[in-house]
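Asker: Sharing a structure, written as structure tokens. Questions coming.
In this note's numbering, the protein residues as written are 1320 to 1653.
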């Protein structure tokens, strides 16, 4: 009889443990909502490749209304292919000369409003640069913007055979993705030496050091580039099935390496591949943890960033916000 009672009790205990486990799993998979933004926590193989896992962020109808008063925003990558839009070395406009490499001039003669994101990398000019702060360039406008150098070993026009008048204009020829989280963090800290140091570490780790020490040397054909392309090909188009997707939390080996949320779904989709390029630049050189996640850290990072969508949030030390007038456009982890 004692054995029967013991077995019955053990069965009840195991049954209770299973129920608790199921409940715990449901809680872990439950989406987290804040300010009309919803973090998708469901475990799904489509969101994990090697050691990198993405957590989509979707917006409800109220959150999407935020962008109704905003102009349709094109990415810098789109802008660089738009006639009438160009970036050149800085024009002074009568202002005091500062370090020449920390500012550029943007001219927009097109009918598009171009969104510049902190971390966007442009190539050409007298040295490659990374955009320092989020900004928008309306149609028919010209302005100087703050940047950091990401090519410490060059200070002359990229095409030495170009005519002298072209060298004087010193226009930028292309767009090269969003920088890696390590470089973006240095940009947010606002220190040029820190940016150069971050560029060196990322390129060296990816076996992409170059004579001019440019971040864009990541395009060097090697095993690391091939691995990055594997990540990019796997995640390409994954957001297309989520029409209200506006952002992502990126996690490498259980560590949150990036959070980016946009007010406009199309803006996010158009910036998605460039963002991924930055994430993968770090993931391919990290030890493979098989996409291990840290759910509390993911939820906390999302809260820190998404709360900035609310009116008058307190403090922006960990996360940042870019707005047009009184409506936010981009929320991000610093």
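Glycine included, every Cβ here is placed at the ideal spot set by N, Cα and C.
Leaving out the 5 sequence neighbours to the left and right, which residues in its chain are closer than 6 Å to residue 1538 when beta-carbon positions are compared?
Answerer: The residue given as residue 1538 occupies position 219 in the chain shown. Correct list: empty, nothing qualifies.
Asker: Please classify residue 1543 as buried or exposed, where buried requires at least 16 neighbouring CB atoms within 10 angstroms.
Answerer: To locate residue 1543, count along the chain shown from 1; it is residue 224. Buried: at least 16 other Cβ atoms inside 10 Å.
Asker: Sort 1373, 1495, 1355 and 1519 by Cα distance to residue 1501 and report the nearest one.
Answerer: Within the chain shown, numbered from 1, the residue matching residue 1501 stands at position 182. Answer by Cα proximity: 1519.
Asker: Use the C-beta contact count for residue 1447: other C-beta atoms within 10 angstroms, 16 or more gives buried, fewer gives exposed.
Answerer: As a first step, residue 1447 must be located in the chain shown, where it is residue number 128. Buried, because 16 or more other Cβ atoms sit within 10 Å of the Cβ of residue 1447.
Asker: Opposite residue 1368 in the DSSP bridges: which residues?
Answerer: Taking the first residue of the chain shown as 1, we reach residue 1368 at position 49. Its beta-bridge partners are 1371.
Asker: What is the DSSP secondary structure of residue 1639, counted as helix, strand or coil?
Answerer: Within the chain shown, numbered from 1, the residue matching residue 1639 stands at position 320. Here residue 1639 sits in strand by DSSP.
Asker: By Cβ distance below 6 Å, which residues in the same chain neighbour residue 1590 in space, the five residues on each side in sequence not counted?
Answerer: Sequence index remark: in the chain shown, residue 1590 carries index 271 (1-based). Close CB contacts of residue 1590 within its chain, under the 6 Å cut and outside five residues either way in sequence, are with 1394 (chain order).
Asker: Just tell me which of 1540, 1546, 1515 and 1516 has its CA closest to the CA of residue 1283.
Answerer: Nothing about residue 1283 can be read from this structure; the chain reaches only from 1320 to 1653.
Asker: Determine the DSSP secondary structure at residue 1516, reduced to helix, strand or coil.
Answerer: Looking up residue 1516 in the chain shown gives position 197. Helix, per DSSP.
Asker: Taking C-alpha atoms, which residue in 1388, 1376, 1505 and 1613 lies nearest to residue 1561?
Answerer: Numbered from its first residue, the chain shown carries residue 1561 at position 242. Per the Cα distances, 1376.
Asker: In the DSSP assignment, find the unbroken alpha helix (DSSP H) run with residue 1492 in it and report its ends.
Answerer: Position 173 of the chain shown, counted from the start, is the residue given in the question as residue 1492. Premise fails: residue 1492 lies in the beta strand (DSSP E), 1491 to 1497, not in any alpha helix (DSSP H).
Asker: Going by beta-carbon coordinates alone, are residue 1302 and residue 1514 separated by less than 7 Å?
Answerer: One cannot answer for residue 1302 here, as it falls past the ends of the chain, which runs 1320 to 1653.
Asker: For residue 1477, I'd like the list of residues in its chain whose CB is within less than 6 Å of its CB, leaving aside the five on either flank, ordered along the chain.
Answerer: The residue labelled residue 1477 in the question sits at position 158 within the chain shown. Around residue 1477: 1443.
Asker: Who are the Cβ neighbours of residue 1597 in its own chain at under 6 Å, not counting the five residues just before and after it?
Answerer: On the chain shown, residue 1597 is found 278 positions in, with the first residue counted as 1. For residue 1597, where only same-chain residues beyond five positions count, the Cβ hits under 6 Å are 1497, 1498 and 1499.
Asker: Is it buried or exposed, residue 1672, if we count other Cβ atoms within 10 angstroms and call 16 or more buried?
Answerer: Past the boundaries of the shown model lies residue 1672; the chain is included only from 1320 to 1653, so the question cannot be answered.
Asker: Compute the Euclidean distance between the alpha carbons of residue 1438 and residue 1534, then round it to the nearest angstrom.
Answerer: Numbered from 1 along the chain shown, position 119 holds the residue referred to as residue 1438. Numbered from 1 along the chain shown, position 215 holds the residue referred to as residue 1534. Whole-angstrom Cα-Cα distance: 12 Å.
Asker: Would you mind listing the beta strand (DSSP E) stretches within the region 1533 to 1592 that are 3+ residues and don't spill past its ends, in chain order?
Answerer: 1564 to 1571 and 1574 to 1581
Asker: If you check the beta carbons only, do residue 1282 and residue 1531 fall under 7 Å apart?
Answerer: With the chain represented from 1320 up to 1653, any question about residue 1282 goes unanswered, as that position is not in the structure.
Asker: Can you name the residues that DSSP bridges to residue 1405?
Answerer: Within the chain shown, numbered from 1, the residue matching residue 1405 stands at position 86. Within the DSSP secondary-structure output, residue 1405 pairs in a beta bridge with 1426.
Asker: Classify residue 1545: buried if its beta carbon has 16 or more other beta carbons within 10 angstroms, exposed otherwise.
Answerer: Numbered from 1 along the chain shown, position 226 holds the residue referred to as residue 1545. Its Cβ having fewer than 16 others within 10 Å, residue 1545 is exposed.
Asker: Buried or exposed: which applies to residue 1320, given that a residue is buried once 16 or more other Cβ atoms fall within 10 Å of its Cβ?
Answerer: The residue labelled residue 1320 in the question sits at position 1 within the chain shown. Legend: pLDDT at residue 1320 = 43, less than 50; position of this residue unreliable, no value from coordinates given.
Asker: Since residue 1617 is in the alpha helix (DSSP H), which residue starts that stretch and which ends it?
Answerer: Sequence index remark: in the chain shown, residue 1617 carries index 298 (1-based). That run of the alpha helix (DSSP H) goes 1614 to 1625.
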